[in-house]
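Some notes on the structure that comes next.
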Amino acid sequence: MSKYKSLLAIILIFLAGCYEKKVDDLMWLSDDRDSAFIQIERHLRGFDLAMKEVGERYYNIFSAVNDDNWGYAIYNLTKLKTAIVNGLERRPNRKLSAQSFLNYSIPALMKTLKSKERENFLNEFELFKQSCNNCHISEKVEYVNVILPQLHSSMVGRQ
Ligand code: HEC
Numbered sequence: 004m005s006k007y008k009s010l011l012a013i014i015l016i017f018l019a020g021c022y023e024k025k026v027d028d029l030m031w032l033s034d035d036r037d038s039a040f041i042q043i044e045r046h047l048r049g050f051d052l053a054m055k056e057v058g059e060r061y062y063n064i065f066s067a068v069n070d071d072n073w074g075y076a077i078y079n080l081t082k083l084k085t086a087i088v089n090g091l092e093r094r095p096n097r098k099l100s101a102q103s104f105l106n107y108s109i110p111a112l113m114k115t116l117k118s119k120e121r122e123n124f125l126n127e128f129e130l131f132k133q134s135c136n137n138c139h140i141s142e143k144v145e146y147v148n149v150i151l152p153q154l155h156s157s158m159v160g161r162q
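Residue numbers (our numbering): 4 to 162.
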């Protein structure tokens with residue numbers, strides 16, 4: 004029995020050693036669990052970082068259609084939606100202003116992209132742009148005035 008106890012003690016000391024080592028390896032995250040969660044939340048940021056991604060994907064959709072790369076346009080619209088949905092999880096007080104964008108604007112543009120109808124695309128993209136700005140107005144950031152992208156070379160081109 005005492006043999007068993009000392010083996011157990013050795014295992015516990017070993018595990019404690021492993022845990023401490025892990026904490027030692029942390030570069031900036033607090034070794035206090037609660038403070039660490041608060042730090043992680045702060046570093047993941049709120050809606051601004053989501054919008055940086057949305058802005059880039061908005062541009063990518065326009066540029067992909069210009070390159071006839073409808074698959075890449077659809078891919079970007081899907082990720083744009085993910086960025087907004089995740090952003091709303093972080094800032095739920097913005098949900099109400101995003102409702103028509105999520106329920107109407109994204110599905111409408113998706114339909115146009117899937118149909119590959121270039122003639123409808125410009126009209127639909129114009130409406131999409133307006134719905135970005137409608138939300139900016141309701142969220143009191145009207146100075147973020149989204150315009151139609153000015154095309155220059157993208158990192159991804161024709162397929
Ligand atoms: C929920 C409503 C909402 C929708 C929908 C929305 N935005 Fe925003 N957007 C915001 C808010 C709020 C901010 C300011 C974020 C902050 O201050 O934290 C913002 C900021 C931005 C910024 C500035 C980001 C920065 O930090 O430089 C860009 C670019 C942007 N939005 C683009 C778009 C585009 C493009 C669309 C449409 C495809 C769009 N947004 C749709 C609410 C929205």
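Every residue gets a Cβ at the ideal spot worked out from N, C-alpha and C, and that includes glycine.
Less than 7 Å separates the beta-carbon of lysine 82 from that of arginine 60. For the pair glutamate 142 and serine 100, the CB atoms are nearer than the 7 Å cut-off. Annotation for serine 38: the continuous alpha helix (DSSP H) segment containing it runs 36-47. Contact annotation: alanine 76 and valine 88 have beta-carbon atoms that are not nearer than 7 Å. Our two residues, glutamine 42 and serine 103, have alpha carbons roughly 33 Å apart in a direct line.
Between phenylalanine 50 and arginine 97, the beta carbon gap of about 6 Å places them in contact (Cβ cut-off 8 Å).
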